[in-house]
Amino acid sequence: MIKKQTVWLLTMVSLLVVLSVYYMTSPDGGEMTFLEENNWNSAEGEDPVVSKLTGDELFSSIRLEKEATRDERMEELSAVISSSSATPEEKDEALAALEREKELQAKETTMEDSIASTFDYEDVLIQSGEEAVEVSVITDQLPKSETREMMQMVAEEFGEEDVSVKYQPSK
């Protein structure tokens with residue numbers, strides 16, 4: 031089984047790679063601006079600044095968060111499976127849950143690729159929960175016919191769960 035340190039190391043390395051790619055492809059050309067201490071302004075009495083992520087950045091951050099949560103859950107299940115103090119029933123339940131997690135991850139990835147290629151969207155994100163599946167796409171407009179077709183594709187793949195479709199306008 032994969033050890034905690036190995037999973038942690040792989041997670042950190044993948045995060046490093048993602049941040050490096052983001053830094054290299056950022057629109058400011060990788061240049062950083064430094065302010066001297068006397069140039070700092072106070073934000074008291076002003077509206078707070080809210081960072082707005084573009085669709086690509088938002089989808090990437092959601093994917094990273096989802097992957098980290100899923101990796102943590104799989105690590106916990108693997109620990110139960112390899113535990114000497116767990117009963118055979120607990121190990122069987124953990125193994126079944128681990129297989130469901132892997133299957134769910136594969137379904138999400140397959141559907142994301144299928145929808146992106148079928149409808150030629152910039153990016154597709156599928157988040158499946160206990161009773162519902164949420165499909166988010168990056169596109170300027172989303173016709174009802176495509177929405178219905180996506181909902182049907184997802185329902186066929188995931189079963190009789192509720193399916194919702196949202197779109198994020200591209201830059």
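Note that our numbering has the sequence shown beginning at 31, numbered continuously upward. Just so it is clear, CB atoms sit at the ideal spot from N, CA and C, and this is done for glycine as well. Keep in mind the model is a prediction, meaning the values are calculated, not measured.
Quiz prompt | Nearest residue (CA-CA) to K132, options E102, S91 and S200 | solution = E102
Quiz item: So what's L172 in DSSP terms, helix, strand or just coil?
Solution: coil
Quiz prompt | Limits of the unbroken beta strand (DSSP E) element including Y197 | solution = D192 to Q198
Quiz item: To the nearest angstrom, how far is it from the Cα of A185 to the Cα of E191?
Solution: 7 Å
Self-check item: Cβ-based burial, A124 [other Cβ within 10 Å; buried from 16]
Solution: buried
Quiz item: Considering S158, what are the terminal residues of the beta strand (DSSP E) in which it resides?
Solution: V154 to S158
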